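Participant: Pasting a structure here, questions to come.
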DNA sequence: GTCTATATGGCGATAGAC
DNA sequence: GTCTATCGCCATATAGAC
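Chains as they are written, first to last, in our numbering: chain A, 6 to 203; chain B, 6 to 203.
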């Protein structure tokens with residue numbers, strides 16, 4: 006395999022786990038079984054390596070989703086499939102998931118706009134249309150963010166949740182989480198008993 | 006002011022901004038205008054300082070919440086107040102919010118267990134009981150995580166959301182978000198039209 | 001392209017004076 | 001309780017041989 010790509014793959018893993026400040030060039034060199042100097046042959050400095058890794062990690066994540074929006078299914082089935090696909094994607098590539106989280110918390114203004122507009126906004130618009138169809142009365146922007154939040158948070162909290170009461174092994178399975186999230190979205194937590202309301 | 010408390014206050018700010026690995030004892034010493042050795046007089050090492058800062062940052066928060074659990078209100082009103090209080094707390098103290106985010110993402114195994122059990126678990130248990138009362142049929146653990154996710158994600162995504170379609174200035178207000186989250190939790194997104202279901 | 005060796009400086013933590 | 005001075009180590013980055 007190409008040495009440069011090997012470095013990028015390992016860098017993605019390490020930076021996602023430990024953050025920019027938490028990963029040393031020595032750590033990375035050890036992980037790819039090379040010397041530090043060999044890495045500096047491929048990248049001018051640590052910062053450039055990080056940026057190039059980000060570009061590498063973000064390529065072609067949206068193809069699977071786009072196929073979904075153009076399927077001929079009903080709006081509710083599309084939402085069902087969207088939630089399931091997103092949860093599966095995050096579970097399948099947790100490294101990618103953590104990288105997004107890192108970027109949001111670091112909140113570098115330049116990178117932030119690229120991330121928001123170039124990568125996420127397109128998919129967000131499809132989701133908005135879908136929600137407008139299913140639930141025209143609600144604020145579609147807020148609801149779309151809630152849908153993403155439910156999907157994202159269950160993944161995000163995985164390191165903590167098994168310490169908490171009521172945890173079961175099945176709570177780690179993508180389809181169990183997907184079913185729960187979809188049920189909550191479509192019915193709330195009262196399971197059909199949503200009478201009393203102002 | 007007490008030197009130790011001054012250190013804790015500044016440490017909270019710095020660790021929230023830059024993370025554990027991103028803050029050196031020298032940075033902190035400069036921020037409180039003391040020597041590094043003076044800090045080591047109050048704390049045995051960097052890790053202990055961090056843990057004590059976390060406990061310090063959480064004490065007043067859990068007091069507010071605990072008062073809420075022992076109020077004589079109905080379960081649904083308690084949930085309503087919990088969501089509102091949490092959103093207000095996160096908005097009012099964004100440093101605290103970032104601290105949680107940092108902690109979850111850094112997921113240091115040693116710190117994780119202490120924080121998850123010592124600090125979060127108590128409040129989580131109250132939330133579990135509440136949900137068990139409101140919605141006995143659902144999986145309470147998953148539902149509690151969803152409640153936290155809805156609250157947390159709307160705050161977490163703030164740096165990104167205004168780039169996305171459908172955003173309005175009012176989406177930044179705590180009470181608008183709280184109303185939206187509560188409506189979603191109690192009714193789902195279909196607004197009472199939750200008939201068709203497997 | 002990859003290595004060994006090294007320059008230069010910041011890191012966590014400690015010793016001991018005041 | 002706070003300081004100055006220092007230890008030993010690890011950080012980023014470079015030089016030059018192969």
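Note that the Cβ used here is the ideal one computed from N, Cα and C, for glycine as well. This structure is a prediction, so every number in the text was calculated from the model and none was measured.
Can you list, in chain order, the residues of its chain with a C-beta nearer than 7 Å to that of residue 192 (chain A)? Leave out the 5 residues immediately preceding and following it.
Facilitator: Translated into positions along the first chain, residue 192 (chain A) becomes position 187. No residues qualify anywhere along the chain.
Participant: Please work out which residues of its chain come closer than 7 Å, Cβ to Cβ, to residue 25 (chain B), disregarding the five sequence neighbours upstream and downstream, and give them in chain order.
Facilitator: Your numbering for residue 25 (chain B) matches position 20 in the second chain. For residue 25 (chain B), where only same-chain residues beyond five positions count, the Cβ hits under 7 Å are 55, 111.
Participant: Among A:118, A:51, A:74, which one has its Cα closest to the Cα of residue 162 (chain B)?
Facilitator: Position 157 of the second chain holds residue 162 (chain B). Nearest C-alpha to residue 162 (chain B): A:118.
Participant: Please report the distance separating the alpha-carbon of residue 157 (chain A) from that of residue 172 (chain B).
Facilitator: Within the first chain, residue 157 (chain A) is the residue found at index 152, counting from 1. Within the second chain, residue 172 (chain B) is the residue found at index 167, counting from 1. Distance between the alpha carbons of residue 157 (chain A) and residue 172 (chain B) is about 20 Å.
Participant: Which of the three DSSP states is assigned to residue 159 (chain B) in this structure?
Facilitator: Residue mapping note: residue 159 (chain B) aligns to position 154 of the second chain, counting from 1. Residue 159 (chain B): helix per DSSP, three-state reduction.
Participant: Do residue 30 (chain A) and residue 204 (chain A) count as a contact pair if the criterion is CB distance below 9 Å?
Facilitator: Any property of residue 204 (chain A) remains undetermined from this structure, which presents chain A solely from 6 to 203.
Participant: Between residue 99 (chain A) and chain B, is there a C-beta pair that is closer than 9 Å?
Facilitator: The count along the first chain starts at 1 and reaches residue 99 (chain A) at position 94. So, not an interface residue.
Participant: Where does residue 169 (chain A) fall in DSSP's three states?
Facilitator: As a working mapping, residue 169 (chain A) is identified with position 164 in the first chain. Coil.
Participant: Taking the CB atoms as reference points, tell me whether residue 155 (chain B) and residue 189 (chain B) lie closer together than 9 Å.
Facilitator: Against the second chain, residue 155 (chain B) aligns to sequence position 150. Against the second chain, residue 189 (chain B) aligns to sequence position 184. Contact: yes.
Participant: Figure out for me which residue from B:149, B:168, B:100 has the closest Cα to the Cα of residue 66 (chain B).
Facilitator: The sequence position of residue 66 (chain B) within the second chain is 61, counting from 1. Of the candidates B:149, B:168, B:100, the one whose C-alpha sits nearest the C-alpha of residue 66 (chain B) is B:100.
Participant: Could you round the C-beta distance between residue 88 (chain A) and residue 149 (chain A) to whole angstroms and report it? I think they count as a contact, below 8 Å.
Facilitator: What you label residue 88 (chain A) is simply residue 83 of the first chain in a count that begins at 1. What you label residue 149 (chain A) is simply residue 144 of the first chain in a count that begins at 1. The Cβ separation is near 12 Å, so there is no contact.
Participant: Measuring CB to CB, does residue 160 (chain B) end up less than 9 Å from residue 102 (chain B)?
Facilitator: Numbered from its first residue, the second chain carries residue 160 (chain B) at position 155. Numbered from its first residue, the second chain carries residue 102 (chain B) at position 97. In contact: residue 160 (chain B) and residue 102 (chain B) (Cβ atoms closer than 9 Å).
Participant: What's the C-alpha gap between residue 144 (chain B) and residue 91 (chain A)?
Facilitator: Here the question's residue 144 (chain B) lines up with position 139 in the second chain. Here the question's residue 91 (chain A) lines up with position 86 in the first chain. Spanning the two alpha carbons is a distance of roughly 21 Å.
Participant: Using a Cβ cut-off of 9 Å, pull out every chain A residue sitting near residue 176 (chain B), in sequence order please.
Facilitator: Taking the second chain and counting its residues from 1, the one referred to as residue 176 (chain B) is at position 171. Here the neighbours are 144, 146, 147, 150.
Participant: Please confirm whether residue 59 (chain B) and residue 124 (chain B) have their CB atoms less than 9 Å apart.
Facilitator: Looking up residue 59 (chain B) in the second chain gives position 54. Looking up residue 124 (chain B) in the second chain gives position 119. Contact flag set, yes.
Participant: Mind checking the region 87-98 of chain A against chain B and listing, in chain order, the residues whose C-beta falls within less than 9 Å of any C-beta there?
Facilitator: So the list is empty, because no residue satisfies the distance condition.
Participant: Are the C-beta of residue 12 (chain B) and some C-beta of chain A separated by less than 9 Å?
Facilitator: In the second chain, residue 12 (chain B) corresponds to position 7, counting from 1. Not closer than 9 Å to any Cβ of chain A, the Cβ of residue 12 (chain B) fails to qualify, so no.
Participant: Where does residue 69 (chain A) land, buried or exposed, given buried means 16+ other C-beta within 10 angstroms?
Facilitator: Position 64 of the first chain, counted from the start, is the residue given in the question as residue 69 (chain A). Looking at its Cβ environment, which holds fewer than 16 other Cβ atoms inside 10 Å, residue 69 (chain A) is exposed.
Participant: Ignoring anything shorter than 4 residues, give me the alpha helix (DSSP H) runs that lie fully in the region 116-159 of chain B, in order along the chain.
Facilitator: Counting only runs of 4 or more, we get 126-139.
Participant: Residue range of the alpha helix (DSSP H) that residue 48 (chain B) falls in?
Facilitator: For the purposes of this step, residue 48 (chain B) is identified with residue 43 of the second chain, where counting begins at 1. Looking at the DSSP string, residue 48 (chain B) is not in any alpha helix (DSSP H), and its letter there is neither H nor E.
Participant: So, with DSSP's three-state summary, where would you put residue 6 (chain A)?
Facilitator: As a working mapping, residue 6 (chain A) is identified with position 1 in the first chain. Here residue 6 (chain A) sits in coil by DSSP.
Participant: For residue 16 (chain B), which residues in chain A fall below 8 Å Cβ to Cβ?
Facilitator: Position 11 of the second chain holds residue 16 (chain B). Within chain A, no residue comes near residue 16 (chain B); the closest Cβ sits about 16 Å away, beyond 8 Å.
Participant: Just reading off the alpha helix (DSSP H) that residue 93 (chain B) is part of, what are its end residues?
Facilitator: Here residue 93 (chain B) refers to the residue found at position 88 when the second chain is read from its first residue. Counting along the chain, the alpha helix (DSSP H) containing residue 93 (chain B) begins and ends at 80-97.
Participant: If I measure Cβ to Cβ from residue 108 (chain A) and keep anything under 8 Å in the same chain, skipping five residues before and after, which residues do I get?
Facilitator: In the first chain, counting from the first residue as 1, residue 108 (chain A) sits at position 103. The residues are 59, 116, 117, 120.
Participant: If we ignore side chains and look at the alpha-carbon of each, how far apart do residue 34 (chain A) and residue 20 (chain A) end up?
Facilitator: Locating residue 34 (chain A) in the first chain gives position 29, where the first residue counts as 1. Locating residue 20 (chain A) in the first chain gives position 15, where the first residue counts as 1. One C-alpha to the other measures close to 13 Å.
Participant: In the DSSP assignment, the alpha helix (DSSP H) including residue 185 (chain B) goes from what residue to what residue?
Facilitator: Mapped onto the second chain, residue 185 (chain B) falls at position 180. 179-192 is the span of the alpha helix (DSSP H), which, as asked, contains residue 185 (chain B).
Participant: Does the region 124-134 of chain A come into contact with the region 36-51 of chain A, if we say contact requires no fewer than three beta-carbon pairs (one atom in each stretch) closer than 8 Å?
Facilitator: Contact between the region 124-134 of chain A and the region 36-51 of chain A is absent, because fewer than three Cβ pairs lie under 8 Å.
Participant: Is residue 194 (chain A) close to chain B, meaning its C-beta is less than 9 Å from at least one C-beta of that chain?
Facilitator: To locate residue 194 (chain A), count along the first chain from 1; it is residue 189. Output row for residue 194 (chain A): interface = yes.
Participant: From the DSSP output, in three-state form, read off residue 64 (chain B) for me.
Facilitator: Start at 1 with the first residue of the second chain, and residue 64 (chain B) comes out as number 59. Looking at residue 64 (chain B) - three-state DSSP - the assignment turns out to be helix.
Participant: Is the separation between the beta-carbon of residue 129 (chain B) and that of residue 169 (chain A) shorter than 9 Å?
Facilitator: For this step, residue 129 (chain B) is matched to residue 124 along the second chain. For this step, residue 169 (chain A) is matched to residue 164 along the first chain. The answer is yes: Cβ separation under 9 Å.
Participant: Can you tell me the Cα-Cα spacing of residue 198 (chain A) and residue 84 (chain A), whole angstroms?
Facilitator: Residue mapping note: residue 198 (chain A) aligns to position 193 of the first chain, counting from 1. Residue mapping note: residue 84 (chain A) aligns to position 79 of the first chain, counting from 1. At residue 198 (chain A) the pLDDT is 45, less than 50, meaning the model places this residue with poor confidence and gives no usable figure here.
Participant: Can you pull the chain A residues whose beta carbon is under 7 Å from the beta carbon of residue 168 (chain B), in chain order?
Facilitator: As a first step, residue 168 (chain B) must be located in the second chain, where it is residue number 163. Ordered by position in chain A, the residues that pass the 7 Å Cβ test against residue 168 (chain B) are 118, 121, 122, 126.
Participant: Strictly below 8 Å CB to CB, what residues from chain B border residue 153 (chain A)?
Facilitator: Position 148 of the first chain, counting from 1, holds the residue named residue 153 (chain A). Chain B residues near residue 153 (chain A): 158, 162.
Participant: Report all residues from its chain with a CB closer than 8 Å to the CB of residue 146 (chain B); omit the five preceding and five following residues, and keep chain order.
Facilitator: Translated into positions along the second chain, residue 146 (chain B) becomes position 141. Around residue 146 (chain B): 133.
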